[in-house]
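**Student:** Residue numbers (this note's numbering), protein chains in the order written: chain A, 481 to 898; chain B, 481 to 898. Have a look at this one.
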């Protein structure tokens, strides 16, 4: 069973927004045992949408479409779908009641509905309406020539609800689905080609229904085994066997045996140990805190900390000495040491991390060019600090600093072994 | 002149990574006057890649490909391109030298290069190599049947350098390009359909070479005018005329007259005024600080602040009273007031903002369900606090809290008029 995702919207094609919908839908489909064959992003243009639908129908059995369902004139998906199926638009009672409900909730009981709002309740007459709990544009399910088409709004939180609560359950109840099993191993500290070389013979042994992929990203490499087929037990056995062989071979660099982000690995370890973490962020400016706190349950481990962006706050929040800043500068071994030990002391956590650097694009000097970053991690009685020299791109310097800090912290936690 | 972007990689189709490369490339192409017709994401599969190349060649003049150039066995783009062009792979001297250079830089002068590394220097014989300053996989430029094909690594910072420093300049020098002019107006606080209704007559007047799009996102709507053609002066006049009419009509909700993020608007205003900002983040956990500090020059305005995730840190960092927390709880009008006034006082900034809430999925009660968030903004002598009730999705609650905080802060700055 193959799916294609079509995202509609000029804003994607001019790069104004990143298409995050496709990744979400792809993940949900995969978990349900449906492989995504292709993702296509096309413009708000009738002919182009029709071509994309025709091409997708050749490749896929299920075609999921997002975008172009808004109330405004540039949104033409609904009309185009009606043309594609050769039907007309009709007003749907259920959809109209939903528009009225949402409208009143947002605008108050007495607000007057506009014609453009009412038009949101028009749908191609061959569709089954999927209720949009979070917005006024209805989702639409079509059965046509043996294929399933689903059209959803492009607004992520409207689409996400529909996929999770309506579309996936309906696909599962309608179709007999094959099994897809993924197993991901997260490694850090070794490059893709070295890893590949170390496990080349294991890779050669892989049966044809199991694939291995390398997903490198900023000092980490994810190894992903994927197996497709009908016999779930057999697929699981194969994946288990090969993942065990790979993990045994490269265990010195394995950070996690599941597909979770690095910071989640640390949260899990510290949650289990009942230990806490605080931070002192300068050049990463809250990014590391955000990495931790985006995950449910972070508050069990993460106490908080200082975004000590200015020198004054490095002193007042963390107790960094005025003389240290004057003599060595904010980006120095001495300052990062005082920052991380300050955080550990002031915020009374079991572990602390600190980052201070020059993220750029300005602020570099000959001695300390843009990309110079000092990172420190500490626990009671033990402080480790290290200098990094990254590149000249601000966003990358922030992200690489974060990953490097996680790497140092993870090692410190492992070394502490308590 | 039309382009298509093809991103290759199973990791995209199973939703393990979000394809951010396409948005970056699309933005760069648009700025250079090249329209992107379609973005297609396909799997690491020879036949599928060949089909995608054939389909793209029908639609587009320029085909930009990323991904599948790594040293490992799942990376088959290079072989597939050679087959598509009907040529063989040969070793490229320049590419090999680059592999050696990068390899020694990372591994040290004495490290032994692996065969898989050397194979990175193999390229289809009809290509012109594009140097990869940041990695070992060479970029490749092909002229074939009147079309341009460029293949680049999927690692973002390798691809980004190539696009900016090599591919765009070479496209500009090779082609006679038409003009594309975009103008974006950022609004906040009014829904898409209301906005559309207010400017419906202006939209009706738009000439055929100017398009208007609505890009809604979490309480903000971007209005984007786009004009395509040969006469730059005339296009600019049309865009200027219609953007002026739209701005005049909806000026009460216009936040910016350019395509910049909301937090950048605030940074720009405070930079101009020479004023500063500090934060006290609880449930947003560093996200708002990160929004500000991702932008160059943020340090002129943003002093830093507290990630006061635990109650203890709300007391010790911001001076929130123990009795306040005991009597009203961490998520309350009283606590957010003490937090924001504490930040203003302790961090000595001109403005402060504070957020405390229940991001979820756990931690809600009957009185204060998940999604309950108190936000406060303050300046000398003036504090404004407000309660919000968002939904039950953690990530969205964090993002909506951030946007709402920016909205309140922007209004406070405007009202303060100093």
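Yeah, the Cβ is synthetic: ideal placement off N, Cα and C, and Gly gets one too. Please read all numbers here as calculations on a predicted model, not as lab measurements.
#1: Where does residue 518 of chain A land, buried or exposed, given buried means 16+ other C-beta within 10 angstroms?
#2: Give the straight-line distance between the Cα atoms of residue 654 of chain B and residue 499 of chain B, rounded to the nearest whole angstrom.
#3: When the Cα of residue 854 of chain B is compared with those of B:766, B:672, B:694, B:762, which residue comes out closest?
#4: Starting from residue 846 of chain A and walking both ways along the beta strand (DSSP E), at which residues does that stretch end?
#5: Apply the 10 Å Cβ neighbour rule to residue 649 of chain A and answer buried if 16 or more other Cβ atoms are within range, or exposed otherwise.
#6: Using a Cβ cut-off of 9 Å (strictly closer), state whether residue 770 of chain B contacts chain A.
#7: Taking C-beta to C-beta, are residue 746 of chain B and residue 657 of chain B nearer than 9 Å?
#8: Would you call the segment 692-699 of chain A and the segment 566-573 of chain B in contact, with 3 or more CB pairs under 8 Å?
#9: For chain B, check one thing: does any of its Cβ atoms lie closer than 9 Å to the Cβ of residue 723 of chain A?
#10: Residue 781 of chain B and residue 820 of chain B - do their beta-carbons sit closer together than 9 Å?
#11: Under the three-state reduction of DSSP, which class applies to residue 564 of chain B: helix, strand or coil?
#12: Step through the CB atoms of chain B and report whether any lies within less than 9 Å of the CB of residue 524 of chain A.
#13: Straight-line CA distance for residue 899 of chain B to residue 636 of chain B?
#14: How would you list, in chain order, the residues of chain A whose beta-carbon sits under 7 Å from the beta-carbon of residue 870 of chain B?
#15: Quick one: any contact between the segment 534-549 of chain B and the segment 682-693 of chain B, if contact means 3 or more CB pairs under 8 Å?
#16: Distance check for residue 721 of chain A and residue 788 of chain A, CA to CA, integer angstroms please.
#17: So, is the C-beta of residue 830 of chain B closer than 9 Å to a C-beta in chain A?
#18: Kindly give me the distance between the Cβ atoms of residue 712 of chain B and residue 659 of chain B, rounded to whole angstroms, as I take these residues to be in contact under 8 Å.
#19: Across which residues does DSSP place residue 700 of chain A in a beta bridge pair?
#20: State yes or no: is the C-beta of residue 672 of chain B within less than 9 Å of the C-beta of residue 690 of chain B?
#21: What alpha helix (DSSP H) runs, 4 residues minimum, are completely inside the segment 777-857 of chain A?
#22: Indicate the three-state DSSP secondary structure (helix, strand or coil) for residue 571 of chain B in the structure shown.
#23: With distances taken from CA atoms, which of A:486, A:843, A:561, A:734 is nearest residue 433 of chain B?
#24: Listed in chain order, which residues of the segment 765-790 of chain A have Cβ atoms closer than 9 Å to some Cβ of chain B?
#25: Roughly how many whole angstroms lie between the Cα atoms of residue 638 of chain A and residue 645 of chain A?
#26: Give me whichever residues DSSP pairs with residue 533 of chain B in a beta bridge.
#27: In its own chain, which residues sit with a C-beta less than 6 Å from the C-beta of residue 710 of chain B, not counting the 5 before and 5 after it?
#28: Please report the distance separating the alpha-carbon of residue 981 of chain A from that of residue 670 of chain A.
#29: Please name the residue, chosen from B:608, B:496, B:505, that lies closest to residue 501 of chain A on a Cα-to-Cα basis.
#30: Buried or exposed, going by whether 16 or more other CB atoms sit within 10 Å of the CB of residue 810 of chain B?
#31: Could you give the DSSP three-state label for residue 441 of chain B: helix, strand or coil?
#32: For residue 709 of chain A, write down the residues that DSSP places opposite it in a beta bridge.
#33: Checking contacts by CB at 9 Å: is residue 802 of chain A closer than that to chain B?
#34: Mind checking residue 731 of chain B: buried by the 16 CB within 10 Å criterion, or exposed?
#35: Taking C-alpha atoms, which residue in A:778, A:850, A:743 lies nearest to residue 764 of chain B?
#36: Taking the beta strand (DSSP E) that residue 632 of chain B belongs to, which residues open and close that run?
**Tutor:** This is what the structure holds:
#1: Within the first chain, residue 518 of chain A is the residue found at index 38, counting from 1. Around the beta-carbon of residue 518 of chain A, 16 or more other beta-carbon atoms lie within 10 Å, marking it buried.
#2: Here residue 654 of chain B corresponds to residue number 174 of the second chain, with the count starting at 1. Here residue 499 of chain B corresponds to residue number 19 of the second chain, with the count starting at 1. When rounded, the distance between both Cα atoms is 28 Å.
#3: Position 374 of the second chain, counting from 1, holds the residue named residue 854 of chain B. Among B:766, B:672, B:694, B:762, the Cα nearest to that of residue 854 of chain B is on B:762.
#4: Working through the first chain from its first residue, we reach residue 846 of chain A at position 366. Counting along the chain, residue 846 of chain A falls outside any beta strand (DSSP E), and DSSP gives it neither H nor E.
#5: Position 169 of the first chain holds residue 649 of chain A. By the 10 Å Cβ count, residue 649 of chain A comes out exposed.
#6: Position 290 of the second chain, counted from the first residue, corresponds to residue 770 of chain B. Interface residue, yes.
#7: Position 266 of the second chain, counted from the start, is the residue given in the question as residue 746 of chain B. Position 177 of the second chain, counted from the start, is the residue given in the question as residue 657 of chain B. In this structure, residue 657 of chain B does not lie closer than 9 Å to residue 746 of chain B by Cβ.
#8: no
#9: Stepping through the first chain from its first residue, residue 723 of chain A is reached at position 243. It does not; no Cβ of chain B falls within 9 Å.
#10: Residue numbering aside, residue 820 of chain B sits at position 340 when the second chain is read from its first letter. Residue numbering aside, residue 781 of chain B sits at position 301 when the second chain is read from its first letter. Against a cut-off of 9 Å, the Cβ pair of residue 781 of chain B and residue 820 of chain B comes out as no contact.
#11: On the second chain, position 84 is the one that residue 564 of chain B refers to. The answer is helix: DSSP assigns residue 564 of chain B an H, G or I state.
#12: On the first chain, residue 524 of chain A is found 44 positions in, with the first residue counted as 1. For residue 524 of chain A, the answer is yes, since a Cβ of chain B falls inside 9 Å of its Cβ.
#13: As displayed, chain B neither begins before 481 nor continues past 898, which places residue 899 of chain B out of reach and without an answer.
#14: Position 390 of the second chain, counted from the start, is the residue given in the question as residue 870 of chain B. Contact of residue 870 of chain B with chain A by beta-carbon distance below 7 Å is absent, the smallest such distance being about 10 Å.
#15: no
#16: In the first chain, counting from the first residue as 1, residue 788 of chain A sits at position 308. In the first chain, counting from the first residue as 1, residue 721 of chain A sits at position 241. Each residue's Cα considered, the two are about 48 Å apart.
#17: Translated into positions along the second chain, residue 830 of chain B becomes position 350. With 9 Å as the cut-off, residue 830 of chain B does not count as an interface residue toward chain A.
#18: As a working mapping, residue 712 of chain B is identified with position 232 in the second chain. As a working mapping, residue 659 of chain B is identified with position 179 in the second chain. Indeed, because the Cβ distance is near 4 Å, the residues count as touching under 8 Å.
#19: By 1-based counting over the first chain, the position of residue 700 of chain A is 220. In DSSP, residue 700 of chain A forms a bridge with A:668, A:697.
#20: Position 192 of the second chain, counting from 1, holds the residue named residue 672 of chain B. Position 210 of the second chain, counting from 1, holds the residue named residue 690 of chain B. Not a contact, by the Cβ cut-off of 9 Å.
#21: With a minimum length of 4 residues, the continuous alpha helix (DSSP H) runs that stay inside the segment 777-857 of chain A are 791-798, 802-808, 813-826.
#22: The residue labelled residue 571 of chain B in the question sits at position 91 within the second chain. Residue 571 of chain B falls in the strand class under three-state DSSP.
#23: Any answer about residue 433 of chain B is impossible in this case: the structure gives chain B only from 481 up to 898.
#24: 765, 766, 767, 768, 769, 770, 771, 772, 773, 774, 775, 776, 777, 778, 779, 782, 783, 784, 785, 786, 787, 788, 789, 790
#25: As a first step, residue 638 of chain A must be located in the first chain, where it is residue number 158. As a first step, residue 645 of chain A must be located in the first chain, where it is residue number 165. Between residue 638 of chain A and residue 645 of chain A, the C-alpha separation is close to 11 Å.
#26: In the second chain, counting from the first residue as 1, residue 533 of chain B sits at position 53. As computed with DSSP, residue 533 of chain B is found in no beta bridge at all.
#27: Start at 1 with the first residue of the second chain, and residue 710 of chain B comes out as number 230. The answer, listed in chain order, is 658.
#28: This structure gives no information on residue 981 of chain A, because the portion of chain A shown stretches from 481 to 898.
#29: The residue labelled residue 501 of chain A in the question sits at position 21 within the first chain. Taking only the C-alpha atoms, the option nearest residue 501 of chain A is B:496.
#30: Indexing the second chain from 1 puts residue 810 of chain B at position 330. Counting Cβ neighbours within 10 Å, residue 810 of chain B comes out buried, since at least 16 surround it.
#31: Nothing about residue 441 of chain B can be reported from this structure: the residues present for chain B run from 481 to 898 only.
#32: Start at 1 with the first residue of the first chain, and residue 709 of chain A comes out as number 229. According to DSSP, residue 709 of chain A bridges with A:659.
#33: The residue labelled residue 802 of chain A in the question sits at position 322 within the first chain. So no, residue 802 of chain A is outside the interface.
#34: Translated into positions along the second chain, residue 731 of chain B becomes position 251. With fewer than 16 other CB atoms across the displayed protein chains lying within 10 angstroms of its CB, residue 731 of chain B is exposed.
#35: Along the second chain, one-based indexing puts residue 764 of chain B at 284. Ranked by Cα distance from residue 764 of chain B, the options A:778, A:850, A:743 are led by A:778.
#36: Against the second chain, residue 632 of chain B aligns to sequence position 152. Where residue 632 of chain B is concerned, the enclosing beta strand (DSSP E) stretches over 627-632.
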